[in-house]
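Listed in order, the protein sequences are those of chains B and U. Start counting the first sequence at 98; every next residue gets the next number (our numbering). Start counting the second sequence at 98; every next residue gets the next number (our numbering).
There are 2 protein chains.
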Amino acid sequence: MRIGELAVRTGASPRSLRYYEQQGLLVSARTPSGQRCYGDEHVQRVALIRTFLAAGMSSRTIARLVPCMKRPTMDGARRASAVMSQERARLSSEIDSLAAAREALDHLIEVNRTFMADAADAADGSGAGGAGGAGGTG
Amino acid sequence: MRIGELAVRTGASPRSLRYYEQQGLLVSARTPSGQRCYGDEHVQRVALIRTFLAAGMSSRTIARLVPCMKRPTMDGARRASAVMSQERARLSSEIDSLAAAREALDHLIEVNRTFMADAADAADGSGAGGAGGAGGTG
DNA sequence: CTAAACGCTCACATCGATGTCAGGGGCAAG
DNA sequence: CTTGCCCCTGACATCGATGTGAGCGTTTAG
Numbered sequence: 098m099r100i101g102e103l104a105v106r107t108g109a110s111p112r113s114l115r116y117y118e119q120q121g122l123l124v125s126a127r128t129p130s131g132q133r134c135y136g137d138e139h140v141q142r143v144a145l146i147r148t149f150l151a152a153g154m155s156s157r158t159i160a161r162l163v164p165c166m167k168r169p170t171m172d173g174a175r176r177a178s179a180v181m182s183q184e185r186a187r188l189s190s191e192i193d194s195l196a197a198a199r200e201a202l203d204h205l206i207e208v209n210r211t212f213m214a215d216a217a218d219a220a221d222g223s224g225a226g227g228a229g230g231a232g233g234t235g
Numbered sequence: 098m099r100i101g102e103l104a105v106r107t108g109a110s111p112r113s114l115r116y117y118e119q120q121g122l123l124v125s126a127r128t129p130s131g132q133r134c135y136g137d138e139h140v141q142r143v144a145l146i147r148t149f150l151a152a153g154m155s156s157r158t159i160a161r162l163v164p165c166m167k168r169p170t171m172d173g174a175r176r177a178s179a180v181m182s183q184e185r186a187r188l189s190s191e192i193d194s195l196a197a198a199r200e201a202l203d204h205l206i207e208v209n210r211t212f213m214a215d216a217a218d219a220a221d222g223s224g225a226g227g228a229g230g231a232g233g234t235g
C-alpha cells in the first residue's frame, strides 16, 4: 500500500510517517518512481511507534528499540535491553507523577465542592452546613 | 523571602518562578525597589504548580485552577470545577496511555530476552532452549 | 567605598513532533 | 492531452516551559 492508505489505517498523517522514516523508525520499499510502499505488517509497526510516542518517548529513544522490533541482532538486543529497562523506569515514574497530580487534583476538587456547599448554606441563611471554613491558602 | 530562596526551596529556577507569575499562577509582593517577596505558603503553592506542570498540564490550564487554590469565589469555583473534572479525565487517559506503553515495552523486553536466550543456546550447540523461534516482525 | 552576589526586565534560543506551503512528478480516467 | 488526485522533497512555522545573556539597579559583606 502507499503512504496515504497507511496513514488512514494508522491515524498518522503522511507527514508523520515520513518523519518516522527519516528518524529511522520505519523503513519503506520504493516504487521505481520513488513512491513509498508498505505491507500490512507496517500497520502494526506504526501502531507500536505511536504508542511509544504517545507515552512521551522521543523518536531517538524509539529508534534504539527498533533493531529489536524486527530482526534482532545480538548487538541490537544487548544495547536495546539497557534502553528498555531504563525507559521502563521512566514510564513508571511518569505514571507516578500523573497519579500524584491526579490526587492533588482530587483534593482540590473536594475543597472546591466543600466551598460551594458552604457558600450555598450561607446563602440559605441556615448556619448548619460544611464542617470547617473554606478559607485556604491552598 | 526573595526569589532566590524560593527557588532553592522549591527546586524551580528563578526564571521559572518569574514565568509562573507572568502566567498568573503566582502572585508576589514587591519591595519598594521592585524585588519579589514571598511567604512560606508560596513554597507549597509552587510545589502544587510543579506537580501539575510535571503532569503535562499547561500553565493556562493551571491558571484556571488558581482562583480555586487561594480564596475561592463562586465564579471561580464553578468555572474551575468544569476544568478540574475535564483535566482529571485527561490525566486518567494519559495514565492509561503510559500503562499501555509500558505493557508494550514489557512485551518487547520479553521477546528480546527470549531471543538472547535462543542465541546463546545456538552458540552452545545444544539444540534445547527457548520454545519458539525469535523471528518476529515486532 | 567597593566588590560580590542577587534581582529586575527584555529578548532570543531550544527541543520535538507535526502542520503547512511551494514546486515538481506519477498515474489513472476522461 | 488534460484533469484530478496522490506522491515526492525541502523549508519554514508552531507551541510551551525553560535556558541564557545583556544591561542595569539593589543589597550585603569587607
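Don't be surprised by glycine CBs; every beta carbon is placed ideally from N, CA and C.
Along the stretch 171 to 193 of chain U, what residues have a CB closer than 8 Å to any CB found in chain B? Taking a C-beta cut-off of 8 Å against chain B, the contacting residues of the stretch 171 to 193 of chain U are M171, A174, R175, A177, S178, M181, S182, E184, R185, L188, S189, E191 and I192, listed in chain order.
My parser needs the alpha helix (DSSP H) runs of 4 or more residues fully inside the stretch 141 to 223 of chain U; what are they? Every alpha helix (DSSP H) stretch that sits fully inside the stretch 141 to 223 of chain U and reaches 4 residues is listed by chain position as 156 to 162 and 171 to 221.
Check the C-beta distance from L202 (chain B) over to R157 (chain U) and give it rounded, since I have them as a contact under 8 Å. So it is not a contact: roughly 16 Å between Cβ atoms.
On a Cα-Cα basis, can you pick out the residue from B:R106, B:V143, B:E102 and B:S110 that is closest to L122 (chain B)? Closest by alpha carbon: B:V143.
Taking C-alpha atoms, which residue in U:H204, U:S110, U:I146 and U:Y135 lies nearest to A197 (chain B)? The shortest C-alpha separation from A197 (chain B) is found at U:I146.
Buried or exposed for M154 (chain U), going by 16 or more other Cβ atoms inside 10 Å? Residue environment: M154 (chain U) is assigned as buried (16 or more neighbouring CB atoms within 10 Å of its CB, all protein chains considered).
Chain-ordered residues of the stretch 130 to 147 of chain B with a beta carbon less than 8 Å from chain U: Cβ contacts with chain U: E138, Q141, R142 and L145.
What would DSSP say about R54 (chain B), mapped onto helix, strand or coil? The first residue shown for chain B is 98 and the last is 235, placing residue 54 (chain B) beyond what the model contains.
Using the rule of at least 16 other Cβ atoms within 10 Å of the residue's Cβ for burial, across every protein chain shown, is T107 (chain B) buried or exposed? T107 (chain B) is buried by the Cβ-count criterion.
Have a look at D137 (chain U) and M98 (chain U) and give me their C-alpha separation to the nearest angstrom. D137 (chain U) and M98 (chain U) have their C-alpha atoms spaced approximately 8 Å apart.
Answer with buried or exposed for G101 (chain U), where buried requires no fewer than 16 other C-beta atoms within 10 angstroms of its C-beta. Counting other Cβ atoms within 10 Å of its Cβ, G101 (chain U) stays below 16 and is therefore classed as exposed.
Tell me, please, which residues DSSP counts as bridged to R127 (chain U). The partner list for R127 (chain U) (beta bridge, DSSP) reads U:R133.
Give a yes or no on contact between the stretch 166 to 183 of chain B and the stretch 208 to 220 of chain U, applying the rule of three or more CB pairs nearer than 8 Å. Yes, the stretch 166 to 183 of chain B touches the stretch 208 to 220 of chain U.
Give the C-beta separation of Q120 (chain B) and A160 (chain B) to the nearest angstrom, bearing in mind that I take them to be a contact with Cβ-Cβ under 8 Å. About 6 Å; that satisfies the 8 Å criterion.
So, helix, strand or coil for A109 (chain B), using DSSP? A109 (chain B) carries a coil assignment under DSSP once its states are collapsed to helix, strand and coil.
Three-state secondary structure assigned by DSSP to G101 (chain B): Three-state DSSP puts G101 (chain B) in a helix.
Should R112 (chain U) be labelled buried (16 or more other beta-carbon atoms within 10 Å of its own) or exposed? It is exposed - the Cβ of R112 (chain U) has fewer than 16 other Cβ atoms within 10 Å.
Could you have a look at Q119 (chain U) and say whether DSSP puts it in helix, strand or coil? DSSP, reduced to helix, strand and coil, places Q119 (chain U) within a helical segment of the structure shown.
Do L103 (chain B) and V163 (chain B) have their CB atoms nearer than 9 Å? Contact flag unset, no.
Got a sec? Which residues, its chain only, sit under 8 Å from R127 (chain U) by beta carbon, not counting five neighbours each side? These residues qualify, in order along the chain: R133 and C134.
Under 9 Å between C-beta atoms, does L202 (chain U) make it to chain B? Under the 9 Å criterion on CB atoms, L202 (chain U) is classed as interfacial with respect to chain B.
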